[in-house]
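These notes concern the structure reproduced below.
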Amino acid sequence: MVDLSACIGRYWPGTSPVHRMDPRAKLLLSLAVTAVAFVAQDFFALAVCAAFVAGFFALSGIPLRSAVRSIAPLAFIVVITALLNVLFVREGAPLLEWGPLRVTDAGVRSAAFIACRLTLLLLAMSLLTLTTPTLDITDAFERLLAPASRLGVPAHELSMMMGIALRFLPQFMTELQTIRRAQVSRGATFSNGRASMLASLLVPLFASAFRHAETLSLAMDARCYHGGSGRTRLHPLRFSRLDRNGMLVVAAMLACVVGANVAPL
Amino acid sequence: MALIDMEHVGFTYDGEAFVLRDINLRIPKGQFVCVLGGNGSGKSTLAKHLNALLLPDEGEVRVAGRATDDPHATYFIRSRAGMVFQNPDDQLVASLVENDVAFGPENLGIPADELRHRVSDALADVGLQGFDGRETHALSGGQKQRVAIAGVLAMDPEILILDEATAMLDPRGRKGLLRVCRELHGRGMTVVMITHFMEEAAQADRVVVLDAGSVACDGTPADVLSQRDVLERLNLDVPFSAALCGELQRRGVDVPTLVETEPLKEALCALRSKA
Amino acid sequence: MRIAFEGVSFSYVDPVCQEKRRKKARRRREAGVIEQPTSLAEHGRPAWGSDPEGTWALCDVTFSLEPGEFLGLAGHTGSGKSTLVQLANGLLRPTFGTVLVDGRDLADKEVAAAVRGKIGLVFQYPENQLFAPTVAEDVAFGPRNLGLPDDTVAHRVREALRSVHLDADEVGERSPFELSGGQQRRVAFAGVLAMEPEALVLDEPIAGLDPVAKEEFLQLIAELHSRGIAIVMVSHNMDDLARLAERIVVLNNGRVFALGTPAEVFAHGDELRNIGLDVPQAQKLACELRECGFDLPRALYDAATLAADLAPQLGGRAESALPGAEAPAPAGAAAGAPPAPDASVAPGDAAGPGADPQEAGRG
């Protein structure tokens, strides 16, 4: 059984200040952290940024272990990126040479830096998903993009699509598993990755996705769906003092990191 | 005036073969109607005409006084006549129960305060109080269908249409769904139920049997479901009671054809004390 | 082929892991992180039906499928039927206990691989697993996986399609997705039959079909059984089980609630109703009529036998007026059942009203 809660930084119910913040503020916040992590040019700036993220985690009451576990499935991205850096950065003093392989101190340093930066990014994102129900995230996304919808960006449609994709994800996992078991009981083996075997999983899954889509669109029509205009919300979003404070904190972090970057110069 | 009024309705998907032919059907407010028919009899097509998901090629469908082909009436009609579909996995829009139930009224632009009430009332009506924050994918099939009904009820409709909504449920889920429908009907809801389960049809006020796009029979369950030969010809199940009455009649027992077991039992006991 | 379950228990969640999770949840609740109990789904499956806190999907299940037998499997959603079905062909391995196939332990990977083709498993809505561009290729998937030569595969595809009443020449080269729902399900059946199984495990094979297609499928299953294939059929419809099965296993909360012939199992109508299951309609009515004073001696009734026993007490004849009436038109699984299968089952003379037939094994 694929346990979804372990795969994705799934919502961790709670009532902490971080939980209570407006999802729009949290979305902006994690985008800000992303930006800051990219602006940061050295370990010191990253450490400042990390301190802020750690602060938010402490505030949210989510144990660090759970946070780490929530990003563990994506760790391979960090590892691969770091490895690429180790192997392909040619500058600096060589630490190890073995045939065409050449590992330099600059390579190791840049690998470590990139790994830290990515981990920080993932932690920031998982803080968002751990403290915010997915529907609120898509809602926030739609509201933040609302000004752009006047320029023709389909903000509502995009957020609706995200919401529906999230709603069907666990269902497709279950269906995929049933299909896999059915094909295994017909003697299929998936360990050697043969194309025909893969088709026996994916074709039924796609067919089912199309079937679902057909009825779902009818069902949405039947429930008077006609796009975003004139739609109200069960949980309207409201900015509060909490959000203002959160934004101020992030602004402070931004200043610190930029400062840390500029200062050594 | 009838709440649903179909006059000479004809419909074709491809412009050639008519799936519905000259359907005339008036359903007054508060009636519980079961629509029966074999595969390809046009019963689902008929259901989709009742809330303007399909528009007639011939004739006219009027729901709550408005013609379905009036483009200005579409959302009015869909909010009057809510529809629940066959597959419980296909029709829920949101990951959380409360958001799914709120989807319809959100589309109607109902303000947030009233939305809250509507969601909790609708969930209470289908016997799912406190399910607001549950995830839809972790519910059983029967519970999903009840959430779908709650989603319809939250639009405050007059008509509930169930398009084979019980076909994919286990007996327990089916009974639960049927009980909900009967309760709603008891409070004045007009229910149109497309099904091929005879036990469900036997409990309706009225049974309409479709065959090749036309109405083959229309009457009370006692009238329609006792016509064994007609049901068999139209590839429908014969209710157990009616089948047993048939067997008894063939053995020379003087018993009328009854479609429910409770009256049949009483009739047999009465007959025995006479014999 | 004999499949024997010996004291089989199964948990989707490793008990140790489950205990850890509970502790974690308690800690979180105490720390005030959670405002409401977490969703049931987090406590391991199934999330509905049997006790959500319960760890065991199956608990101490012992029974056997004899060669060529037709075994019915009843129980409501969440009772462990689907788990049992998957244990029976080695897709899942028991947490405790053993599943023996002809005396060999199915937990052994080699044994499992060797018998997989011999025990055909048809999932619910099997048409959802069709994938190949043509019907013939889809049906050939199983035999090809067995590594059979091309001409044998072609022969098996033809035979399998024939057993489900489809013509290989007519539909073989068509896309399975063009076919009607009922035909798609036949193709999916054929895909399993092409492995030439000695036992077929069917998980609600007639779910979602209309009355005509249902009846055709039940007849198809009866035909396969008459060819000597052992059948395990999961069904919610007690009328179908009473009509077709030689023995019935009833599961409740992962345990064997009853095991015996349909007559034995359905003699305990009240107990079955207590766990939310039905009894066949004729059987139910017969019980009620006995209370009214009718003399109904058989242990198991269907519409035809009930009418035959009732008629003489109501001024009619035991024999039907019409010669063909014993097996009425295809419509109606609930309607008069063909007398053949029940003749072997109902011990007509035994078990008077209210008499308790042999103790039905209960867990």
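Protein chains in written order, with the numbering used here: chain A, 1 to 265; chain B, 1 to 275; chain C, 1 to 363. Backbone N, C-alpha and C define an ideal beta-carbon position, used for all residues, glycine too.
- Between G30/B and the set P221/B, V192/B and D229/B, the nearest pair of CA atoms involves V192/B.
- Looking only at D70/B, M189/B, L236/B and T195/B, the smallest Cα-Cα distance to L153/B is reached by M189/B.
- A contact between stretches requires three or more CB pairs, one per stretch, nearer than 8 angstroms, and the region 269–283 of chain C fails this requirement with the region 313–320 of chain C.
- Taking 8 angstroms as the cut-off, the beta carbon of L29/A is found no closer than this to the beta carbon of A140/A.
- For the pair E198/C and L198/A, the Cα-to-Cα distance works out to about 28 angstroms.
- In this structure, the straight-line span from the alpha carbon of Q184/C to that of A51/A is close to 59 angstroms.
- Neighbours of I179/A in chain C, taken as residues at a C-beta separation under 8 angstroms, are given in chain order as N128 and Q129.
- Under the three-state reduction of DSSP output, C245/B falls in the helix class.
- Within the same chain, Cβ atoms closer than 7 angstroms to the Cβ of R78/B are found at N51 and A52, the five residues on either side in sequence being excluded.
- Judged by beta-carbon spacing, L210/B lies within the 8 angstroms limit of L46/B, meaning their Cβ atoms are closer than that value.
- Judged by beta-carbon spacing, D132/B lies within the 8 angstroms limit of V119/B, meaning their Cβ atoms are closer than that value.
- The C-beta of M198/B has 16 or more other C-beta atoms within 10 Å across all chains shown, which makes the residue buried.
- In the DSSP assignment, R20/A is bridged to no other residue.
- Annotation: the continuous beta strand (DSSP E) that includes D211/B extends over R206 to D211.
- Contact with chain B is absent for I80/A, since none of that chain's Cβ atoms lies less than 8 angstroms from the residue's Cβ.
- Comparing alpha-carbon positions, the option among R273/C, A88/C and I229/C lying closest to R172/B turns out to be R273/C.
- For the set L259/C, A114/C and L58/C, the Cα lying nearest the Cα of D102/C is the one of A114/C.
- Contact between L300/C and F266/C holds: CB atoms are separated by about 6 angstroms, below the 8 angstroms threshold.
- Cα atoms of G61/A and D125/B: separation of roughly 37 angstroms, rounded to the nearest angstrom.
- In chain order, H185, V191, A204 and D205 place their CB closer than 6 angstroms to the CB of F32/B, counting only its own chain and leaving out the 5 sequence neighbours on each side.
- In the displayed model, M198/B falls within a helix according to three-state DSSP.
- Judged by pairs of C-beta atoms under 8 angstroms, the region 103–116 of chain A does not touch the region 11–31 of chain A, as fewer than three such pairs exist.
- Apart from the 5 residues on each side of it in sequence, G92/A sits with its Cβ closer than 6 angstroms to the Cβ of T104, D105 and A106 in its chain, given in chain order.
- DSSP places G10/B in the strand class (E or B) of the three-state scheme.
- Around the CB of L248/A, fewer than 16 other CB atoms lie within 10 Å, so the residue is classed as exposed.
- Put simply, the CB of C256/A is far from chain B, with every gap to its CB atoms at 8 angstroms or more.
- Counting along the chain, the unbroken beta strand (DSSP E) around F32/B starts and ends at F32 to L36.
- DSSP places S208/A in the helix class (H, G or I) of the three-state scheme.
- Within chain C, N128, Q129, L130 and F131 have C-beta atoms less than 8 angstroms from the C-beta of P204/A, given in sequence order.
- Residues of chain A with a Cβ closer than 9 angstroms to the Cβ of G104/B are, in chain order, A222, R223, C224 and Y225.
- Under the Cβ criterion (8 angstroms, minimum of three pairs), the region 243–259 of chain B counts as touching the region 212–226 of chain B.
- For F172/A, the enclosing alpha helix (DSSP H) has its first and last residue at A155 to V184.
- In the DSSP annotation of this structure, I27/B is not part of any alpha helix (DSSP H); the continuous beta strand (DSSP E) holding it starts and ends at F18 to I27.
- G80/C is classed as buried because its beta carbon has at least 16 other beta carbons within 10 Å across all chains shown.
- Counting only runs of 4 or more residues that sit fully inside the region 96–161 of chain B, the alpha helix (DSSP H) segments are 97–107, 112–125 and 141–153, in chain order.
- Between the region 230–239 of chain C and the region 147–155 of chain C, the count of Cβ pairs shorter than 8 angstroms is below three; the stretches do not touch.
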